[in-house]
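Protein sequence lines, in the order shown, are assigned to chains A and B. Residues in the first sequence are numbered from 2 upward in steps of one, following my numbering. Residues in the second sequence are numbered from 41 upward in steps of one, following my numbering. C-beta atoms are modelled at their ideal positions from N, C-alpha and C, and glycine is treated no differently. Since we're looking at a predicted model, the values are computed, not measured. Following: one structure in structure tokens, then a few remarks.
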Amino acid sequence: MESKTRLDVNGQLTLKELPYIIRWESDKCTRCGQCTAVCPQKAIEPAVLVQRLVTSEGPMPLPQVVRQVGQGIKQVTDIERYCVGCGMCSLVCPNDAIFPEYNEVNKFAFHKNQGGSPYKRGGRRNSTEVSTLDKLKFTRISMLTDPALDAGRHEFHIRTLLGRNLAPEEMPLIIKDDDLGLDETVFIPPVREIFPIRIGGMSFGALSPNMWEGMAMGVAYLNEVENIPVVMCTGEGGMPPRLLKSRFLKYFILQIASGYFGWDEIIHAIPHMKEDPAAIEIKYGQGAKPGDGGLLMAFKVLDLIAKVRGVPTKVDLASPPTHQTKYSIEEAVAKMLTSMSMAFDFRVPVYPKISGTKTATAVLNNLARNPFAAALTIDGEDGGTGAAYNVSLEKTGHPIASNLRECYLNLVKIGKQNELPLFAAGGVGKTGSLAANAAALIMLGASGVDCGKYIMQAAAGCLGDERNRCNLCNIGRCPKGITAQDPRLYRRLDPDKVAERVVDIFKAADAEMKKIFAPMGRSTQLPIGMSDGLSVSEKAIAEQLDISYAC
Amino acid sequence: MCRLSAIISDSYFSPMENIMALETMKEGHDGSGLGLVLRDLGGEFQGLKEFPILSGICSKEGLRVMDEYMVKLGFKTKHLWNPRIKDYQGNMKTRGFYFARAYEFPEWAEETSPEVQSELLTKTRLELRDMGKEDASIIIFSFWPDLITLKEVGDPLDVGLFFGLDKKPLLAKNIFAQGRQNTNYAINLYACHPFFIEGYTTMTNGENTAFVPIREFLTSRGVPGYVGYRSDSEVFCHILHYMRKELKFPLKYYKDVTTPLFDREMDERSDKTAIELIKRVLRPLTIDGPNCTIGTDRNGTVFMTQDSKKLRPGAIGGVPGKYALMSEICGVDAVVPVRDRSKDVFPMKYDMAMIEKDAKEIKIWNQKHGSMSTVN
Ligand code: SF4
Ligand code: SF4
Numbered sequence: 002m003e004s005k006t007r008l009d010v011n012g013q014l015t016l017k018e019l020p021y022i023i024r025w026e027s028d029k030c031t032r033c034g035q036c037t038a039v040c041p042q043k044a045i046e047p048a049v050l051v052q053r054l055v056t057s058e059g060p061m062p063l064p065q066v067v068r069q070v071g072q073g074i075k076q077v078t079d080i081e082r083y084c085v086g087c088g089m090c091s092l093v094c095p096n097d098a099i100f101p102e103y104n105e106v107n108k109f110a111f112h113k114n115q116g117g118s119p120y121k122r123g124g125r126r127n128s129t130e131v132s133t134l135d136k137l138k139f140t141r142i143s144m145l146t147d148p149a150l151d152a153g154r155h156e157f158h159i160r161t162l163l164g165r166n167l168a169p170e171e172m173p174l175i176i177k178d179d180d181l182g183l184d185e186t187v188f189i190p191p192v193r194e195i196f197p198i199r200i201g202g203m204s205f206g207a208l209s210p211n212m213w214e215g216m217a218m219g220v221a222y223l224n225e226v227e228n229i230p231v232v233m234c235t236g237e238g239g240m241p242p243r244l245l246k247s248r249f250l251k252y253f254i255l256q257i258a259s260g261y262f263g264w265d266e267i268i269h270a271i272p273h274m275k276e277d278p279a280a281i282e283i284k285y286g287q288g289a290k291p292g293d294g295g296l297l298m299a300f301k302v303l304d305l306i307a308k309v310r311g312v313p314t315k316v317d318l319a320s321p322p323t324h325q326t327k328y329s330i331e332e333a334v335a336k337m338l339t340s341m342s343m344a345f346d347f348r349v350p351v352y353p354k355i356s357g358t359k360t361a362t363a364v365l366n367n368l369a370r371n372p373f374a375a376a377l378t379i380d381g382e383d384g385g386t387g388a389a390y391n392v393s394l395e396k397t398g399h400p401i402a403s404n405l406r407e408c409y410l411n412l413v414k415i416g417k418q419n420e421l422p423l424f425a426a427g428g429v430g431k432t433g434s435l436a437a438n439a440a441a442l443i444m445l446g447a448s449g450v451d452c453g454k455y456i457m458q459a460a461a462g463c464l465g466d467e468r469n470r471c472n473l474c475n476i477g478r479c480p481k482g483i484t485a486q487d488p489r490l491y492r493r494l495d496p497d498k499v500a501e502r503v504v505d506i507f508k509a510a511d512a513e514m515k516k517i518f519a520p521m522g523r524s525t526q527l528p529i530g531m532s533d534g535l536s537v538s539e540k541a542i543a544e545q546l547d548i549s550y551a552c
Numbered sequence: 041m042c043r044l045s046a047i048i049s050d051s052y053f054s055p056m057e058n059i060m061a062l063e064t065m066k067e068g069h070d071g072s073g074l075g076l077v078l079r080d081l082g083g084e085f086q087g088l089k090e091f092p093i094l095s096g097i098c099s100k101e102g103l104r105v106m107d108e109y110m111v112k113l114g115f116k117t118k119h120l121w122n123p124r125i126k127d128y129q130g131n132m133k134t135r136g137f138y139f140a141r142a143y144e145f146p147e148w149a150e151e152t153s154p155e156v157q158s159e160l161l162t163k164t165r166l167e168l169r170d171m172g173k174e175d176a177s178i179i180i181f182s183f184w185p186d187l188i189t190l191k192e193v194g195d196p197l198d199v200g201l202f203f204g205l206d207k208k209p210l211l212a213k214n215i216f217a218q219g220r221q222n223t224n225y226a227i228n229l230y231a232c233h234p235f236f237i238e239g240y241t242t243m244t245n246g247e248n249t250a251f252v253p254i255r256e257f258l259t260s261r262g263v264p265g266y267v268g269y270r271s272d273s274e275v276f277c278h279i280l281h282y283m284r285k286e287l288k289f290p291l292k293y294y295k296d297v298t299t300p301l302f303d304r305e306m307d308e309r310s311d312k313t314a315i316e317l318i319k320r321v322l323r324p325l326t327i328d329g330p331n332c333t334i335g336t337d338r339n340g341t342v343f344m345t346q347d348s349k350k351l352r353p354g355a356i357g358g359v360p361g362k363y364a365l366m367s368e369i370c371g372v373d374a375v376v377p378v379r380d381r382s383k384d385v386f387p388m389k390y391d392m393a394m395i396e397k398d399a400k401e402i403k404i405w406n407q408k409h410g411s412m413s414t415v416n
């Protein structure tokens with residue numbers, strides 16, 4: 002007998018299963034249709050509805066109820082067209098007639114694996130709990146013997162070093178009478194002085210041209226006009242060829258990852274480069290999706306991206322999880338570091354980026370022995386991504402705070418804390434406290450931090466959040482034009498506005514960091530490893546991070 | 041805030057001069073302790089220049105353990121100085137047996153290099169210090185030829201009288217004294233300035249806000265002796281030792297290590313490339329103050345420097361043959377009342393004022409201009 006479920010609606014989802022439910026007010030709605038047009042998911046559609054209409058007419062009016070068939074908006078319950086809560090419908094509605102409401106009791110995760118295909122998305126880990134970084138407070142305020150510094154009056158040098166520093170005994174100094182000279186014949190590894198917050202690797206491809214260029218313009222302005230030497234990592238996928246040969250290249254860290262996308266262009270451009278890049282980042286892992294390679298889904302591989310990356314259009318571009326041509330990670334790191342250093346004639350710092358992991362100290366010890374390793378970036382679980390399996394985003398990865406701290410203390414133990422700078426990423430500015438999170442990581446031992454999501458949110462109004470809002474970044478339908486490759490979408494984003502906001506962000510972070518460092522009396526150097534400046538109100542965290550407990 | 045009082049002279053004087061100078065700066069310290077380092081000794085130690093002197097305090101039991109240990113190592117007592125406490129009339133209680141004892145080196149060490157001897161002295165000092173750590177039965181401040189350290193809790197003048205320095209003075213040509221302002225209630229004598237390591241001494245007035253990363257950097261150098269750190273100022277002494285002894289930098293580079301110039305300020309320096317590198321490589325040793333540091337190099341040169349913002353007072357004045365380096369000018373007045381005041385020196389943020397052992401003149405190294413000038 003045929004199951005009854007086939008015959009009625011029992012097999013369909015109810016709205017209550019979905020993560021966002023659309024609230025629509027019929028009497029405010031003028032049926033303009035803008036919301037259904039803008040919806041990236043086609044989650045709402047015009048529908049025929051029966052409406053109850055109350056009228057009172059005539060010389061002695063009495064209310065009369067009529068039922069009438071009319072048009073309205075209806076949310077679909079097709080799981081592939083679920084409402085992502087982006088709120089674009091509310092944004093375009095001229096009458097405030099529609100908005101999405103988060104549904105705490107949704108059963109989304111039970112259904113979003115149709116056809117045996119696990120849920121993939123962009124964004125970050127969905128967790129609204131307060132991160133360790135946000136729990137850290139700056140509690141050492143010089144009060145007793147020490148006039149605290151004045152953030153407005155004293156000069157603060159908010160800069161860090163990216164590059165391998167020699168061990169003190171290795172300095173090629175010549176003592177002549179009462180003076181020191183430098184033996185210029187000895188190789189000194191390249192070191193860059195940069196602002197301690199960098200824009201982490203987000204690729205040209207994952208990001209739209211307007212977003213990427215907006216950020217790049219902002220970075221150039223910060224360096225050249227504001228004198229804040231911010232550097233930006235390209236992510237895997239190269240960069241626009243005209244920038245490669247421009248004098249602006251020095252503000253960029255070129256990333257090479259396992260797919261080597263974009264590197265054909267880069268290698269060919271080397272002889273024509275006017276400036277060296279700020280550094281080369283070899284990506285071994287990403288905090289948001291450890292163990293996974295890069296993924297640029299076919300939807301986004303349109304003409305321009307295909308050209309920069311040297312691939313055909315409309316194919317999935319998956320970078321393998323590991324650098325395939327190498328036998329082991331140790332070998333991979335050593336060979337990549339040497340060959341990349343050689344490619345740029347040993348004038349450019351080359352360093353690996355790994356995802357946060359319990360084995361980070363093993364990688365670190367390896368690097369500490371390798372004189373070509375210029376730094377190490379560790380990317381924690383709260384990092385973002387353009388495309389990943391939901392399960393990787395949610396369940397794999399290591400929080401950055403303890404991972405970074407463990408690595409720093411390990412360096413202290415072997416006395417190389419200044420030789421091999423650590424950069425921390427993954428959740429920096431997650432809830433908007435960019436400068437405070439950066440400062441906390443610096444005091445735990447980071448030489449600097451990377452941020453990505455923060456820039457997308459603050460500079461371009463990315464809609465994503467920790468309740469899985471939007472997160473359509475992987476399929477090229479970014480309603481804000483940040484991660485879309487379709488010009489009809491990305492023209493929504495004004496690159497000049499992005500650039501302006503990038504400048505705002507770094508100027509504000511610079512000022513805020515001064516406000517944090519002033520009361521602790523640190524101004525001429527960053528307070529790297531000044532862990533006595535931090536406290537936390539949870540004993541377990543205090544113990545793990547080896548900082549004080551305060552409540 | 042603590043008060044510092046250093047005097048360098050070409051003739052012997054009594055530490056009471058330093059203490060009387062501290063008296064004039066009394067508003068700046070709460071009389072919670074006095075530390076004294078005397079070097080280039082006269083009086084009863086004058087003929088004992090080459091014999092290392094162990095300075096410290098012991099309990100009865102500690103003394104027995106220490107003596108046994110020193111005999112085992114082959115050190116033979118050459119001369120013993122004790123304060124004459126029985127004449128003291130005040131309220132201070134004695135902590136035990138105070139001593140400055142000159143030893144003959146063990147036979148095997150007599151003919152070895154100064155470096156081996158120096159290592160032996162450091163090792164012995166640290167071992168003795170460890171032996172008495174648990175119950176404070178042995179407290180050792182220094183073990184070095186021609187150098188004595190005395191420290192005790194209390195009002196500086198009272199401590200001076202307690203040690204009988206007014207009656208039976210110890211004499212020296214270079215004396216450092218620090219009047220302590222207590223910042224943490226339980227006073228540990230190891231936290232009292234001046235600090236000592238292998239012939240280098242410093243005392244500091246202020247707070248070292250970058251203490252933790254500096255301590256971590258020093259302790260990870262693998263240099264014996266970079267231990268202790270009961271005070272955030274002890275690192276200044278070890279930084280001096282590290283740059284002078286381990287890295288062999290000329291003394292004036294102390295500024296470039298602790299308070300490096302901004303890159304844009306380096307243009308006048310002929311050694312620009314070297315100091316740029318030093319700044320990067322020794323980045324964790326950068327202090328932010330507020331500090332006024334007075335120190336003595338192993339070769340006897342005394343210096344005064346400020347943090348890079350000059351957040352602490354410090355004054356130097358005197359006549360050829362005798363100079364006073366003080367936290368405040370009233371201290372200088374107390375020591376050398378008759379002098380040409382127009383030649384007083386107040387080291388500013390780029391300055392390092394140095395007076396060599398012969399106390400003839402003040403040399404001022406200007407870090408920014410890379411120039412040395414002389415005041416005499
Ligand atoms: S919130 Fe976004 S996905 Fe949901 S209906 Fe509105 S526009 Fe469509
Ligand atoms: S606004 Fe764009 S970038 Fe932000 S979550 Fe949505 S799709 Fe991703």
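Name, please, each residue of chain B whose Cβ falls closer than 7 Å to the Cβ of Pro169/A. Position 168 of the first sequence, counted from the start, is the residue given in the question as residue 169/A. Result: Leu287, Val321 and Leu322.
Continuous alpha helix (DSSP H) stretch holding Tyr109/B: start and end: For the purposes of this step, residue 109/B is identified with residue 69 of the second sequence, where counting begins at 1. Segment Lys100 to Leu113, the alpha helix (DSSP H) holding Tyr109/B.
Looking at the secondary structure, which residues open and close the alpha helix (DSSP H) in which Lys414/A lies? Along the first sequence, read from residue 1 onward, the residue named residue 414/A stands at position 413. Ile401 to Ile415 is the extent of the alpha helix (DSSP H) around Lys414/A.
What in chain B is Cβ-close to His155/A, meaning under 8 Å? Mapped onto the first sequence, residue 155/A falls at position 154. Ordered by position in chain B, the residues that pass the 8 Å Cβ test against His155/A are Lys349.
At a CB distance below 9 Å, what residues from the region 250 to 276 of chain B approach chain A? Give them in sequence order. Ala250, Phe251, Val252, Pro253, Glu256, Phe257, Thr259, Ser260, Arg261 and Gly262
Indicate, with yes or no, if ligand 2 has a heavy atom lying under 7 Å from the CB of Pro387/B. Stepping through the second sequence from its first residue, residue 387/B is reached at position 347. In this structure, the C-beta of Pro387/B stays at least 7 Å away from each heavy atom of ligand 2.
Quick one: complete alpha helix (DSSP H) runs, 4+ long, within the region 255 to 316 of chain B? 274 to 281 and 294 to 298
Pairwise C-alpha distance: Glu130/A and Arg24/A: What you label residue 24/A is simply residue 23 of the first sequence in a count that begins at 1. What you label residue 130/A is simply residue 129 of the first sequence in a count that begins at 1. One C-alpha to the other measures close to 27 Å.
Can you have a look at His278/B and say buried or exposed, based on whether 16 or more other CB atoms are within 10 angstroms of its CB? The residue labelled residue 278/B in the question sits at position 238 within the second sequence. It is buried - the Cβ of His278/B has at least 16 other Cβ atoms within 10 Å.
Quick check: what's the CA-CA separation for Pro241/A versus Val309/A? Here the question's residue 241/A lines up with position 240 in the first sequence. Here the question's residue 309/A lines up with position 308 in the first sequence. Their Cα atoms are separated by approximately 7 Å.
Which residues, taken in chain order from the region 232 to 250 of chain B, show a beta carbon closer than 8 Å to some beta carbon of chain A? Listed in sequence order: Gly246, Glu247, Thr249 and Ala250.
Under a three-way DSSP split, which group does His119/B fall into? On the second sequence, residue 119/B is found 79 positions in, with the first residue counted as 1. Reduced to three states, the DSSP call for His119/B is strand.
Under 6 Å Cβ to Cβ from Ala149/B, same chain only, skipping five residues before and after it: list those, please. To locate residue 149/B, count along the second sequence from 1; it is residue 109. Excluding residues within five positions, the ones whose Cβ falls inside 6 Å are Gln157 and Leu160.
Quick check on Asp380/B: buried or exposed, where buried means 16 or more other Cβ atoms within 10 Å of its Cβ? Along the second sequence, one-based indexing puts residue 380/B at 340. Per the 10 Å Cβ criterion, exposed.
Contacting residues, own chain, Cβ-Cβ under 6 Å from Arg135/B (five flanking each side not counted): Here residue 135/B refers to the residue found at position 95 of the second sequence. Ile97, listed in sequence order.
Output, in chain order, the set of chain A residues within a Cβ distance shorter than 7 Å of Asp328/B. What you label residue 328/B is simply residue 288 of the second sequence in a count that begins at 1. Residues of chain A passing the Cβ test: Gly522, Arg523, Ser524 and Thr525.
Residue closest to Leu113/B, alpha-carbon to alpha-carbon, out of Ser95/B, Thr164/B and Asp80/B: In the second sequence, counting from the first residue as 1, residue 113/B sits at position 73. When each option's Cα is compared against that of Leu113/B, the closest is Thr164/B.
Got a sec? Which residues, its chain only, sit under 8 Å from Glu147/B by beta carbon, not counting five neighbours each side? Counting from one through the second sequence, the residue named residue 147/B turns up at place 107. For Glu147/B, where only same-chain residues beyond five positions count, the Cβ hits under 8 Å are Gly114.
Does the distance between the C-beta of Ile23/A and the nearest non-hydrogen atom of ligand 1 fall short of 7 Å? Counted from its first residue, the first sequence places residue 23/A at position 22. Yes, the Cβ of Ile23/A comes within 7 Å of a heavy atom of ligand 1.
Determine, using beta carbons only, whether Phe302/B comes closer than 8 Å to chain A. Counting from 1 along the second sequence, the entry for residue 302/B is found at position 262. It does; some Cβ of chain A falls within 8 Å.
Residues that DSSP places opposite Ala207/A in a beta bridge: Numbered from its first residue, the first sequence carries residue 207/A at position 206. In the DSSP output, where bridge partners are listed per residue, Ala207/A has none listed.
Between Arg304/B, Leu280/B and Ser382/B, which has its C-alpha nearest Met344/B's C-alpha? For this step, residue 344/B is matched to residue 304 along the second sequence. The residue among Arg304/B, Leu280/B and Ser382/B with its C-alpha nearest the C-alpha of Met344/B is Leu280/B.
Of all the residues that make up the region 416 to 432 of chain A, which are near chain B by a beta-carbon distance shorter than 9 Å? Gly416, Lys417, Gln418, Asn419 and Glu420
With a cut-off of 8 Å, does the C-beta of Gly391/B fall near any C-beta of chain A? As a position in the second sequence, residue 391/B is number 351, starting the count at 1. The sequence given here has Asp at residue 391/B, not Gly. So no, Asp391/B is outside the interface.
Three-state secondary structure (DSSP) at Lys108/A? The residue given as residue 108/A occupies position 107 in the first sequence. The answer is coil: DSSP assigns Lys108/A none of H, G, I, E or B.
Between Ala459/A and Leu494/A, which are expected to be in contact by the criterion C-beta below 8 Å, what is the C-beta distance as a whole number of angstroms? Position 458 of the first sequence, counted from the first residue, corresponds to residue 459/A. Position 493 of the first sequence, counted from the first residue, corresponds to residue 494/A. Between Leu494/A and Ala459/A the Cβ distance is about 14 Å, and since that is not below 8 Å, they are no contact.
In three-state DSSP terms, what is Cys332/B? Position 292 of the second sequence holds residue 332/B. The answer is strand: DSSP assigns Cys332/B an E or B state.
Bridge partners for Asp451/A per DSSP, in chain order? Translated into the one-based positions of the first sequence, residue 451/A becomes position 450. DSSP lists Arg199/A as partners of Asp451/A.
For a test of your reading of the model: does the CB of Asn472/A fall under 7 Å from any non-hydrogen atom of ligand 2? Yes or no. Indexing the first sequence from 1 puts residue 472/A at position 471. Correct: Asn472/A has its Cβ closer than 7 Å to ligand 2.
Strictly by DSSP, which residues pair up with Phe202/B? In the second sequence, residue 202/B corresponds to position 162, counting from 1. According to DSSP, Phe202/B bridges with nothing at all.
Would you say the beta carbon of Thr397/A comes nearer than 7 Å to a heavy atom of ligand 2? Within the first sequence, the letter at position 396 stands for residue 397/A. False, no ligand heavy atom lies under 7 Å from that Cβ.
Determine, using beta carbons only, whether Gly384/A and Gly453/A come nearer to each other than 8 Å. Sequence index remark: in the first sequence, residue 384/A carries index 383 (1-based). Sequence index remark: in the first sequence, residue 453/A carries index 452 (1-based). Closer than 8 Å, so yes.
Would you say Lys408/B touches ligand 2, meaning its beta carbon is less than 7 Å from a heavy atom? If you number the second sequence from 1, residue 408/B lands on position 368. In this structure, Lys408/B has its beta carbon at no less than 7 Å from each heavy atom of ligand 2.
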